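Contents: one structure, followed by commentary.
Numbering (the numbering used here), first residue to last: 272 to 543.
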């Protein structure tokens, strides 16, 4: 019999997040983020947090809520995005920001979950990523208080490569489309981007799931994240599961362009 990993509420699932904890958080922009786990951390009160995520939400939503309450002291991300408060805190010297190439960030989390301490990659060679000097924290008057150190570079396969350390977080917060009580998860479309990687990086991984199914209902090919990486699962209500926002909605009228093909005597017997 499989022991259940289902937790009654988001609040209960993050009750032990402590001041100074490192959180790996899934999603990209607002797509696939764990809305309710983030808000539960906000309500819970933990501060001085390190956030590992592709970005840090937007003003007034997602991880942006924790930033606005000054609950975050360090961010490891690939870009600032449209979050004005994120940019303001960084440039004002209120926040330490370690900008990391997006693919490198993904691999650092995957490596942490796989027990790999570090790896070499050509990404960043010839730039401040490898050579050091990226501003991690500014002074209040615009000077650089802390900058990135130079990293070890070695040559493999005829290429210079830089050593990048794996990331291991105290907690991981992710959102899945489907999960079972054993923690096996399936992600929908773009939500599969950083969620499995963040989940792997967490020592304690908490999943908010849009739908819960019986153990065994997910076929082997449908499991994007094995339950071995998950410690807690929170079931969302249908109303909560429908909460899916994006940063900017950009649409255009739908048109169908008709393309007429003219056979050129190919003799293939195919209709246009």
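Backbone N, C-alpha and C fix where the C-beta goes; we use that ideal spot for every residue, glycine too.
Just so you know, these numbers come straight off a predicted model, no measurement behind them.
Nearest-angstrom Cβ-Cβ length linking residue i and residue j, presumed shorter than 8 Å
i	j	result
residue 297	residue 470	7 Å
residue 504	residue 488	Contact flag wrong, Cβ pair sits at about 14 Å.
residue 466	residue 445	4 Å
residue 457	residue 494	7 Å
residue 370	residue 405	6 Å
residue 335	residue 365	The pair is not a contact, with the Cβ atoms about 14 Å apart (cut-off 8 Å).
residue 332	residue 307	Residue 332 to residue 307, Cβ: 13 Å. No contact.
residue 372	residue 395	6 Å
residue 320	residue 342	6 Å
residue 478	residue 512	So it is not a contact: roughly 13 Å between Cβ atoms.
residue 417	residue 367	7 Å
residue 474	residue 451	Contact flag wrong, Cβ pair sits at about 21 Å.
Residue nearest to residue i in terms of C-alpha spacing, selected from the options
i	options	result
residue 387	472, 285, 485 and 508	472
residue 400	410, 413 and 423	423
residue 349	337, 360 and 322	322
residue 293	379, 345 and 368	345
residue 443	354, 526, 521 and 324	324
residue 461	279, 395, 373 and 300	300
residue 510	354, 482 and 455	482
residue 490	455, 506 and 524	455
residue 340	316, 358, 288 and 426	316
residue 379	295, 526, 413 and 287	295
residue 287	311, 274, 517 and 427	311
residue 374	431, 429, 526 and 347	347
residue 251	305, 428 and 359	The requested residue 251 is not part of the displayed model; the chain covers only 272 to 543.
residue 496	507, 524, 430 and 459	459
residue 398	359, 432, 521 and 428	432
8 Å Cβ cutoff met for residue i and residue j
i	j	result
residue 381	residue 468	yes
residue 498	residue 453	yes
residue 476	residue 449	no
residue 329	residue 352	yes
residue 337	residue 313	yes
residue 403	residue 419	yes
residue 383	residue 439	yes
Cβ of residue i within 8 Å of any chain B Cβ
i	result
residue 439	You won't find chain B in this structure, because it holds only one protein chain.
Any non-hydrogen atom of the ligand ZN within 7 Å of residue i CB
i	result
residue 496	This structure lacks the ligand ZN; in fact it carries no ligand of any kind.
Original post:
Can you list the alpha helix (DSSP H) stretches of 4 or more residues lying completely in the region 451 to 513, in chain order?
Top reply: For the alpha helix (DSSP H) assignment, the uninterrupted runs of no fewer than 4 residues enclosed by the region 451 to 513 are, from N- to C-terminal side, 466 to 472 and 509 to 512.
**OP:** With a floor of 4 residues, list each alpha helix (DSSP H) that falls wholly inside the region 397 to 456, ordered by position along the chain.
**Re:** DSSP runs (the alpha helix (DSSP H)) wholly in the region 397 to 456: 399 to 402.
**OP:** Could you tell me whether the region 408 to 415 touches the region 387 to 396, where touching means 3 or more Cβ pairs closer than 8 Å?
**Re:** Contact between the region 408 to 415 and the region 387 to 396 is absent, with fewer than three C-beta pairs closer than 8 Å.
Subject >> 4-residue-minimum alpha helix (DSSP H) runs that sit fully inside the region 278 to 354, ordered along the chain >> reply: The region 278 to 354 contains these whole alpha helix (DSSP H) runs: 281 to 284, 306 to 315 and 335 to 339.
**OP:** Kindly provide the ranges of any alpha helix (DSSP H) runs that are 4 or more residues long and lie completely inside the region 367 to 398, ordered along the chain.
**Re:** If we require 4 residues or more, the alpha helix (DSSP H) runs fully inside the region 367 to 398 come out as 373 to 385.
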